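Student: Mapping of the sequence shown onto this note's numbering: position 72 corresponds to residue 72, and the numbering continues sequentially without gaps. Ideal Cβ positions, reconstructed from N, Cα and C, are used throughout, including at glycine. None of these values were measured; they are calculated from a predicted model.
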Amino acid sequence: MNSFLKNNSYSKLEWTLMKSSFSLIWLLSFLLIISRYNYAPTPESIFKLLPGGFYLCFNAKIFLLITNLLLIYFYIIEKHIWWSLMGLSLISLFAFSLEDSNSDFNRNTMITGVFFAQFIAYSIKKKYIDFDVDKYRIQFSVQLISISYTISAIAKLNTSGLKWITDGLLMPLQIMKTNYFGFVNDGNLEHITNANHIINLVDKYSLGVMFVLAFTLIIELFAVISIINKKYAFVYGLLLVFMHIGFYLVLDVAIAGTYIPMLIFMINPVFIFWIILKALKNYLITALGSNGKANTF
1 MNSFLKNNSY SKLEWTLMKS SFSLIWLLSF LLIISRYNYA PTPESIFKLL
51 PGGFYLCFNA KIFLLITNLL LIYFYIIEKH IWWSLMGLSL ISLFAFSLED
101 SNSDFNRNTM ITGVFFAQFI AYSIKKKYID FDVDKYRIQF SVQLISISYT
151 ISAIAKLNTS GLKWITDGLL MPLQIMKTNY FGFVNDGNLE HITNANHIIN
201 LVDKYSLGVM FVLAFTLIIE LFAVISIINK KYAFVYGLLL VFMHIGFYLV
251 LDVAIAGTYI PMLIFMINPV FIFWIILKAL KNYLITALGS NGKANTF
């Protein structure tokens, strides 16, 4: 683990695990969207540019699915990756715009942003052969993610200043809005129950809520620090994990489209798990080997 943090470059295995994890999340998100939506009743993003009466037929969904699977395959095996990233960027932009156009605002645009960031890295590599794409395809992703957090904090301060922390006590209005959107989408009364539960918690533990909001604002504001190097990205990623956990526990807010890309490219939990398994394996081999020598003696 120590050598992992000291080394500011990324191994091929790290990159492969990042790509594979990210591709799985993107594929699951894509399947959920195209299975759920056919129309764009309230056009957002690119659907504002399309003429009215948009309809995504079954054959079009199959074509998009096959294309998406091929692009993911080429992305993971690193073949035609420039074209793959361009295609994945455009398909993800289309899919998440369709989701937003159905008033289902899951804030998944970070996924599209990461694909675009990597596309830019490979575009620079095409022009400048000495460009270290092995480093910057990940570094650009981290930069996009961290700057998004910082911009979010600046927007809060620009809109409300430090009053955002105390104004957070008015968050029950946002909580009601979010849960009623959920109720309208799937008709599940649990959304209403959750909303009432969280509103009671905010009212009862107002000081704790303000602490969580203050912590959130500070962590988001300085997230840009994580672009310094790999170690900073890892440590700050852990802080962001604590922030998201606190936000979820207190306010039942979990923005998967934001925290999952952050987890993958700043912490890379699958790779950490692999390091732990490897260390455990080496420990067992050493322990069994020592026992074997002792028995022989």
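1) What are the start and end residues of the alpha helix (DSSP H) that includes E44?
2) Less than 7 Å between the beta carbons of M262 and L240, yes or no?
3) Can you check which of these residues, D134, L217, H80 and F116, is closest to M243 by C-alpha distance?
4) Does DSSP put Y55 in a helix, a strand or coil?
5) Given 8 Å as the limit, is there contact between the segment 199-207 and the segment 121-130, that is, 3 or more CB pairs closer than that?
6) Output the distance between the C-alpha atoms of L28 and M86, rounded to the nearest integer angstrom.
7) Tell me whether G208 sits in a helix, a strand or coil according to DSSP, three-state version.
8) For a test of the three-state rule: what should DSSP assign to A283, helix, strand or coil?
9) Which parts of the segment 139-204 are runs of the beta strand (DSSP E), unbroken and 3 residues or longer, counting only runs that do not cross its ends?
10) How about I91 and I260: are their beta carbons less than 7 Å apart?
11) Work out the CA separation of A121 and Y136 for me, nearest whole Å.
12) Here's the rule: buried if 16 or more other CB atoms are within 10 angstroms of the residue's CB, otherwise exposed. What is D100?
13) Please report how far the alpha carbon of T166 lies from the alpha carbon of V184, in whole angstroms.
14) For the alpha helix (DSSP H) containing I260, list its first residue and its last residue.
15) Where does F222 fall in DSSP's three states?
16) Please look up how many angstroms separate the CB atoms of M266 and G237, rounded, as I've assumed it's under 8 Å.
17) Residues in its own chain within less than 8 Å of S45 by CB, not counting five upstream and five downstream?
18) Take the Cβ of T67 as the centre, count every other Cβ of all protein chains shown within 10 Å, and call the residue buried at 16 or more, exposed below.
19) Helix, strand or coil for M253? Go by DSSP, reduced to three states.
20) Which residues bound the alpha helix (DSSP H) around K126?
21) Once DSSP output is grouped into helix, strand and coil, what is the label at I33?
22) Please say whether M18 and I264 have beta carbons closer to each other than 7 Å?
23) Grouping DSSP H, G and I as helix and E and B as strand, with all else coil, what is D134?
24) Quick one: measure Cβ to Cβ for I225 and Q143, integer angstroms, because I've assumed they're closer than 8 Å.
25) Measuring alpha carbon to alpha carbon, tell me which residue in N229, F234, H197 and G161 is nearest A214.
26) Classify A287 as buried or exposed, calling it buried when 16 or more other Cβ atoms lie within 10 Å of its own Cβ.
27) May I ask you to report which of helix, strand or coil DSSP gives H80?
Tutor: The short version:
1) Where E44 is concerned, there is no enclosing alpha helix (DSSP H), given that its DSSP letter is neither H nor E.
2) In this structure, L240 lies closer than 7 Å to M262 by Cβ.
3) The option with the nearest alpha carbon to M243 is L217.
4) Three-state result, Y55: strand.
5) Contact between the segment 199-207 and the segment 121-130 is absent, with fewer than three C-beta pairs closer than 8 Å.
6) Just so you know, the alpha carbons of L28 and M86 end up roughly 19 Å apart.
7) G208 falls in the helix class under three-state DSSP.
8) Going by the sequence as given, residue 283 is Tyr instead of Ala. Here Y283 carries a helix assignment [DSSP, helix/strand/coil].
9) You should have found no qualifying run.
10) The answer is no: Cβ separation not under 7 Å.
11) When rounded, the separation of the alpha-carbon atoms in Y136 and A121 is 6 Å.
12) D100 should be labelled buried.
13) If I take the Cα positions, the gap works out to 30 Å.
14) Per DSSP, I260 is one residue of the alpha helix (DSSP H) stretching across A256 to M262.
15) In the three-state scheme derived from DSSP, where H, G and I count as helix and E and B as strand, F222 is classed as coil.
16) About 3 Å separates the Cβ atoms of M266 and G237, confirming a contact at the 8 Å cut-off.
17) Contacts found: L93, F96, S97, D100 and S101.
18) Exposed.
19) It is worth fixing the name first, because residue 253 is Val in this sequence and not Met. In this structure, V253 counts as coil in the three-state DSSP scheme.
20) Counting along the chain, the alpha helix (DSSP H) containing K126 begins and ends at T109 to K127.
21) Helix at I33.
22) Against a cut-off of 7 Å, the Cβ pair of M18 and I264 comes out as a contact.
23) In the structure shown, D134 sits in a helix (DSSP, three-state: H, G or I).
24) That belief does not hold up - the Cβ atoms of I225 and Q143 are roughly 12 Å apart, past 8 Å.
25) Per the Cα distances, G161.
26) Counting of Cβ neighbours within 10 angstroms places A287 among the exposed residues, the total staying below 16.
27) H80: coil per DSSP, three-state reduction.
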